[in-house]
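Asker:
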Amino acid sequence: MTEADLSALWVTLRLALISTIILLLLGTPLAWWLSRTQNRMKHWVEALVALPLVLPPTVLGFYLLIALAPGGIIGGPWSVLSGASLAFSFSGLVIGSVLYSMPFVVQPMQNAFSQLDGRLLEAASTLRASPLNRFFSLVLPLSRRGLITATTLGFAHTVGEFGVVLMIGGNIPGETQVLSIAIYDHVESLEYTQAHLLSAGLLVFSFVTLLLIYRLERRGTTRSDGT
Amino acid sequence: MSGDIQFHFKLRRQGFQLDAEGGLPASGVNALFGVSGCGKTTVLRCIAGLESDVTGYFIINGERWFDSDRGISLGTHQRGVGYVFQETALFPHLDVQDNLLYGWRRTPNEIRHNEPQHITGILGLEPLLKRNSADLSGGERQRVAIGRALLNSPQLLLMDEPMAALDRSRKKEILPYLERLHAEAEIPIIYVTHDLEELISVADHLALMEAGRLMESGPIATMMVNTRLSIAMDEDAGALISARIERHDEQFHLTQLQFAGGELTVGRIDRPIGAEVKLRIHAKDVSLTLEHPGATSILNILQATITELVPQGKSRVIVRMELGGVPLLARITRKSESVLALRPGMRVFAQIKSVALHA
Numbered sequence: 246m247t248e249a250d251l252s253a254l255w256v257t258l259r260l261a262l263i264s265t266i267i268l269l270l271l272g273t274p275l276a277w278w279l280s281r282t283q284n285r286m287k288h289w290v291e292a293l294v295a296l297p298l299v300l301p302p303t304v305l306g307f308y309l310l311i312a313l314a315p316g317g318i319i320g321g322p323w324s325v326l327s328g329a330s331l332a333f334s335f336s337g338l339v340i341g342s343v344l345y346s347m348p349f350v351v352q353p354m355q356n357a358f359s360q361l362d363g364r365l366l367e368a369a370s371t372l373r374a375s376p377l378n379r380f381f382s383l384v385l386p387l388s389r390r391g392l393i394t395a396t397t398l399g400f401a402h403t404v405g406e407f408g409v410v411l412m413i414g415g416n417i418p419g420e421t422q423v424l425s426i427a428i429y430d431h432v433e434s435l436e437y438t439q440a441h442l443l444s445a446g447l448l449v450f451s452f453v454t455l456l457l458i459y460r461l462e463r464r465g466t467t468r469s470d471g472t
Numbered sequence: 606m607s608g609d610i611q612f613h614f615k616l617r618r619q620g621f622q623l624d625a626e627g628g629l630p631a632s633g634v635n636a637l638f639g640v641s642g643c644g645k646t647t648v649l650r651c652i653a654g655l656e657s658d659v660t661g662y663f664i665i666n667g668e669r670w671f672d673s674d675r676g677i678s679l680g681t682h683q684r685g686v687g688y689v690f691q692e693t694a695l696f697p698h699l700d701v702q703d704n705l706l707y708g709w710r711r712t713p714n715e716i717r718h719n720e721p722q723h724i725t726g727i728l729g730l731e732p733l734l735k736r737n738s739a740d741l742s743g744g745e746r747q748r749v750a751i752g753r754a755l756l757n758s759p760q761l762l763l764m765d766e767p768m769a770a771l772d773r774s775r776k777k778e779i780l781p782y783l784e785r786l787h788a789e790a791e792i793p794i795i796y797v798t799h800d801l802e803e804l805i806s807v808a809d810h811l812a813l814m815e816a817g818r819l820m821e822s823g824p825i826a827t828m829m830v831n832t833r834l835s836i837a838m839d840e841d842a843g844a845l846i847s848a849r850i851e852r853h854d855e856q857f858h859l860t861q862l863q864f865a866g867g868e869l870t871v872g873r874i875d876r877p878i879g880a881e882v883k884l885r886i887h888a889k890d891v892s893l894t895l896e897h898p899g900a901t902s903i904l905n906i907l908q909a910t911i912t913e914l915v916p917q918g919k920s921r922v923i924v925r926m927e928l929g930g931v932p933l934l935a936r937i938t939r940k941s942e943s944v945l946a947l948r949p950g951m952r953v954f955a956q957i958k959s960v961a962l963h964a
């Protein structure tokens with residue numbers, strides 16, 4: 246691998262890791278709220294979160310590009326506060342990834358949370374556990390499978406992202422050039438060997454990730470059957 | 606330090622309305638009794654603070670846990686209850702020991718009044734401590750649930766039909782533990798049940814519920830013979846009597862009992878002399894004569910004074926009597942009533958064909 250490829254790998258991993266952490270911090274309370282609320286806004290929020298599943302990444306990328314621009318609704322305040330531009334920056338990529346991968350994190354968690362037996366939470370509250378205490382001592386451990394699925398999917402999906410990055414990230418080596426973009430570059434320059442190397446790497450990574458998730462889910466199912 | 610419990614809960618749900626108001630002693634076992642769907646469980650849930658949109662109040666020993674008029678409503682986790690759910694609600698990701706200690710670990714030191722070793726001892730849980738809570742039998746689960754609630758050092762223990770999901774033999778397995786608990790626990794218990802046998806075994810005080818309302822409440826022995834209530838008028842009606850073991854007759858394998866109204870002879874009871882026992886004399890097992898029958902195979906013939914005659918259906922009459930202040934019920938036909946010309950104030954002989962032992 247060339248130095249540029251290694252640097253793309255590093256940017257990709259960093260982006261995926263940071264995005265996943267932010268996704269978990271934002272997604273967990275959001276998924277909890279969605280799983281419990283009777284609020285009429287629930288369906289609006291659900292649809293909004295799920296949008297990246299159906300939208301072409303270019304559409305999301307296009308609007309993000311406008312929003313992140315120095316005069317945009319996110320980029321404007323950002324440049325005032327930090328003096329830096331969001332468009333074509335690593336931070337901008339993180340924002341894009343978080344939005345783009347949101348459904349992959351929120352939906353498995355929301356499923357896990359709604360399957361939780363509410364009677365267990367009531368029992369815990371009669372045993373002096375405050376709401377926050379219940380969340381950490383009961384909800385999280387009992388939703389472990391959903392959380393692992395959410396984390397893995399969020400991470401893997403960010404690693405595999407292309408369209409949004411292309412629109413808002415540009416192609417700055419070491420800053421915004423991720424693996425998928427590097428592959429695209431190699432193909433454009435007819436460097437098929439290098440494109441193969443990176444592509445096969447991503448292919449194996451994605452396959453192994455999915456394999457692990459499905460195995461984990463099956464193990465969890467048989468366990469809850471009491472075997 | 607037995608104070609009292611005062612409450613009034615109003616709540617409206619689709620197809621159901623709760624408006625339960627009353628008082629209970631803050632000691633012993635208070636049974637909430639009534640048919641399924643009358644609101645017993647909802648009252649427990651209101652006490653624990655598990656229902657929303659409730660109006661009313663709840664006061665125990667002068668502490669106001671809930672008062673919608675004054676805007677007081679402690680969170681469930683601040684109320685210091687122990688709640689034994691019908692379906693146990695053990696935490697599946699924790700083993701028996703961690704289930705037992707869940708509440709205990711969250712209880713401040715100065716409030717703790719139950720120690721894990723003591724409770725696991727009473728409930729016979731030592732062999733189960735390391736077991737996965739999902740691998741327990743129904744009876745074991747229920748014992749763990751009771752232990753977990755007690756280790757929460759509650760000020761009030763709420764039990765919602767803890768035996769409803771158990772079959773007969775499992776019930777028999779749990780009952781002795783409940784009785785020990787009753788004997789040892791100093792905290793008041795509110796026990797929801799629709800099973801009369803269970804009620805008689807565990808309760809000191811009885812509160813009857815019907816269609817979301819608290820109809821009447823009082824000491825169980827009084828309630829059982831209150832002819833205004835259906836429990837004194839149905840097929841299973843009978844008086845509840847506390848007696849003390851006087852002596853054992855080893856030759857005929859019998860036990861002699863003493864109670865305020867006289868003496869009773871029953872089949873040998875395997876308890877020491879002086880032990881207190883709860884007896885039930887079913888109305889259908891009592892017949893009446895005007896004169897002492899003399900030689901008869903019936904061992905227990907007691908003289909009593911009729912206090913009340915209440916028709917039951919078209920053909921039968923419930924006769925309420927008193928002997929030495931202890932009430933007794935008999936169920937006879939209206940024809941017998943007329944032949945014997947029974948009326949309140951008359952002295953009769955009650956022939957007791959059988960006596961059931963409860964604890």
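Chains A and B, in that order, are what the protein sequence lines are.
Taking the numbering used here, the leading residue of the first sequence gets 246, the next gets one more, and so forth.
Taking the numbering used here, the leading residue of the second sequence gets 606, the next gets one more, and so forth.
We put the CB at the ideal spot given by N, CA and C, even for glycine.
Remember, predicted model here, so these are calculated numbers, not experimental data.
1. In this structure, what does DSSP give as the bridge partners for Q611/B?
2. Using a Cβ cut-off of 7 Å, pull out every chain B residue sitting near E462/A, in sequence order please.
3. What residue range does the beta strand (DSSP E) around H810/B cover?
4. Taking 7 Å as the limit between beta carbons, can you name the residues of its chain near W323/A, skipping five residues before and five after?
5. For chain A, is any of its Cβ atoms less than 8 Å away from the one on G708/B?
6. So E367/A contacts chain B; which residues on that side make the cut at Cβ distance below 9 Å?
7. 8 Å is my cut-off, CB to CB: does R753/B come that close to chain A?
8. Can you grab the Cα-Cα spacing for the pair G446/A / S678/B, in whole Å?
9. Return the CA-CA distance between G667/B and D609/B, expressed in angstroms with no decimal places.
10. Which residues in the same chain as G872/B place their Cβ atom closer than 8 Å to its Cβ, once the five residues preceding and following it in sequence are excluded?
11. I want to know whether the segment 407 to 419 of chain A touches the segment 338 to 350 of chain A - three or more CB-CB distances under 8 Å.
12. Would you tell me roughly how many angstroms separate the C-alpha atoms of E436/A and L443/A, rounded to the nearest one?
13. From A769/B, S835/B and I665/B, pick the residue whose C-alpha is nearest to that of P916/B; which is it?
14. Could you tell me whether the segment 706 to 720 of chain B touches the segment 653 to 661 of chain B, using the rule of 3 or more Cβ pairs below 8 Å?
15. Give me the Cα-Cα distance between S264/A and F380/A, rounded to the nearest whole angstrom.
16. Between K615/B, E692/B and A631/B, which has its C-alpha nearest I792/B's C-alpha?
17. Could you compute how far the alpha carbon of K940/B sits from the alpha carbon of D890/B?
18. Which two residues bound the contiguous beta strand (DSSP E) that contains L862/B?
19. Write down every uninterrupted run of the alpha helix (DSSP H) in the segment 815 to 849 of chain B whose length is 4 residues or greater and which is fully enclosed by it, in chain order.
20. Only counting runs of 4 or more residues, tell me where the alpha helix (DSSP H) segments fall wholly within the segment 698 to 777 of chain B, in order along the chain.
21. Going by DSSP, what residue range makes up the beta strand (DSSP E) through G872/B?
22. Where does Q856/B fall in DSSP's three states?
23. Against chain B, with Cβ distances strictly below 8 Å, would L424/A count as a contact?
24. Are at least three pairs of beta-carbons, each pair with one atom in the segment 358 to 365 of chain A and one in the segment 312 to 326 of chain A, less than 8 Å apart?
25. Helix, strand or coil: how does DSSP classify L695/B here?
26. Ordered along the chain, which non-local residues of its own chain (more than five positions away) have a Cβ less than 7 Å from that of T647/B?
27. Whose C-beta lies closer than 6 Å to the C-beta of M951/B among residues of the same chain, with five residues either side of it excluded?
28. When the Cα of V351/A is compared with those of F335/A, L260/A, V423/A and L296/A, which residue comes out closest?
29. Check whether chain B comes within 8 Å of T394/A, counting only Cβ atoms and requiring the distance to be less than that.
30. Give a yes or no on whether the minimum CB-CB distance between L260/A and chain B is below 8 Å.
31. Go ahead and pull the three-state DSSP assignment for S641/B.
32. Let me make sure I understand the geometry here. Which of A754/B, L730/B, L933/B and L734/B has the alpha-carbon closest to that of Q702/B?
33. For T454/A and S280/A, what's the separation of their Cα atoms in angstroms?
34. Note down the Cα distance separating P877/B from H853/B, rounded to an integer number of angstroms.
35. Starting from I413/A, trace the alpha helix (DSSP H) in both directions and tell me its first and last residue.
36. Span of the beta strand (DSSP E) holding G687/B?
Answerer: Inspection of the coordinates gives the following:
1. Along the second sequence, read from residue 1 onward, the residue named residue 611/B stands at position 6. According to DSSP, which records beta bridges pairwise, Q611/B is partnered with G628/B and I664/B.
2. What you label residue 462/A is simply residue 217 of the first sequence in a count that begins at 1. By Cβ distance, chain B contributes nothing, its closest Cβ being about 17 Å from E462/A, past 7 Å.
3. Here residue 810/B refers to the residue found at position 205 when the second sequence is read from its first residue. Its beta strand (DSSP E) spans residues H810 to E815.
4. In the first sequence, residue 323/A corresponds to position 78, counting from 1. Once the five neighbours on either side are set aside, the close Cβ partners of W323/A are L331.
5. Within the second sequence, numbered from 1, the residue matching residue 708/B stands at position 103. True, the Cβ-Cβ gap to chain A drops below 8 Å.
6. Taking the first residue of the first sequence as 1, we reach residue 367/A at position 122. Going along chain B in sequence order, the residues near E367/A (Cβ under 9 Å) are R650, A653, L655, T681, Y688, F690 and A694.
7. Within the second sequence, the letter at position 148 stands for residue 753/B. Yes, its Cβ sits closer than 8 Å to a Cβ of chain A.
8. Position 201 of the first sequence holds residue 446/A. Position 73 of the second sequence holds residue 678/B. Answer to the nearest angstrom: the Cα atoms are 59 Å apart.
9. Here residue 667/B corresponds to residue number 62 of the second sequence, with the count starting at 1. Here residue 609/B corresponds to residue number 4 of the second sequence, with the count starting at 1. The alpha-carbon atoms of G667/B and D609/B are separated by roughly 8 Å.
10. Here residue 872/B is taken as the residue at index 267 of the second sequence, counted from 1. So the list reads H858, L859 and T860, once near-sequence residues are dropped.
11. yes
12. What you label residue 436/A is simply residue 191 of the first sequence in a count that begins at 1. What you label residue 443/A is simply residue 198 of the first sequence in a count that begins at 1. Rounded to the nearest angstrom, the two C-alpha atoms are 11 Å apart.
13. Taking the second sequence and counting its residues from 1, the one referred to as residue 916/B is at position 311. Of the candidates A769/B, S835/B and I665/B, the one whose C-alpha sits nearest the C-alpha of P916/B is S835/B.
14. no
15. Along the first sequence, one-based indexing puts residue 264/A at 19. Along the first sequence, one-based indexing puts residue 380/A at 135. For S264/A and F380/A, the distance between alpha carbons rounds to 23 Å.
16. Locating residue 792/B in the second sequence gives position 187, where the first residue counts as 1. Considering only alpha carbons, the answer is A631/B.
17. Along the second sequence, read from residue 1 onward, the residue named residue 940/B stands at position 335. Along the second sequence, read from residue 1 onward, the residue named residue 890/B stands at position 285. Spanning the two alpha carbons is a distance of roughly 17 Å.
18. Taking the first residue of the second sequence as 1, we reach residue 862/B at position 257. That run of the beta strand (DSSP E) goes L859 to F864.
19. 825 to 829
20. 701 to 710, 721 to 727 and 743 to 755
21. Here the question's residue 872/B lines up with position 267 in the second sequence. That run of the beta strand (DSSP E) goes G867 to G872.
22. The residue you call residue 856/B lines up with position 251 of the second sequence. Q856/B: coil per DSSP, three-state reduction.
23. Locating residue 424/A in the first sequence gives position 179, where the first residue counts as 1. Judged by the 8 Å Cβ criterion, L424/A is not in contact with chain B.
24. no
25. Residue numbering aside, residue 695/B sits at position 90 when the second sequence is read from its first letter. Three-state result, L695/B: coil.
26. For this step, residue 647/B is matched to residue 42 along the second sequence. Excluding positions up to five away in sequence, the list reads L616, L623 and E656.
27. Reading the second sequence from its first residue, position 346 is the one you call residue 951/B. So the qualifying residues of the chain are I911.
28. As a first step, residue 351/A is located in the first sequence; it is residue number 106 there, counting from the start. That would be L296/A, whose Cα lies nearest to the Cα of V351/A.
29. As a first step, residue 394/A must be located in the first sequence, where it is residue number 149. By this cut-off, T394/A is not an interface position.
30. Working through the first sequence from its first residue, we reach residue 260/A at position 15. For L260/A, the answer is no, since every Cβ of chain B falls outside 8 Å of its Cβ.
31. One-based indexing of the second sequence puts residue 641/B at position 36. Note: S641/B maps to coil in three-state DSSP.
32. To locate residue 702/B, count along the second sequence from 1; it is residue 97. Per the Cα distances, L734/B.
33. Taking the first residue of the first sequence as 1, we reach residue 454/A at position 209. Taking the first residue of the first sequence as 1, we reach residue 280/A at position 35. Distance between the alpha carbons of T454/A and S280/A: 26 Å.
34. Stepping through the second sequence from its first residue, residue 877/B is reached at position 272. Stepping through the second sequence from its first residue, residue 853/B is reached at position 248. Computed Cα separation, rounded: 9 Å.
35. Taking the first sequence and counting its residues from 1, one reaches residue 413/A at position 168. G408 to I413 is the extent of the alpha helix (DSSP H) around I413/A.
36. The residue labelled residue 687/B in the question sits at position 82 within the second sequence. Per DSSP, G687/B belongs to the beta strand (DSSP E) from V686 to V689.
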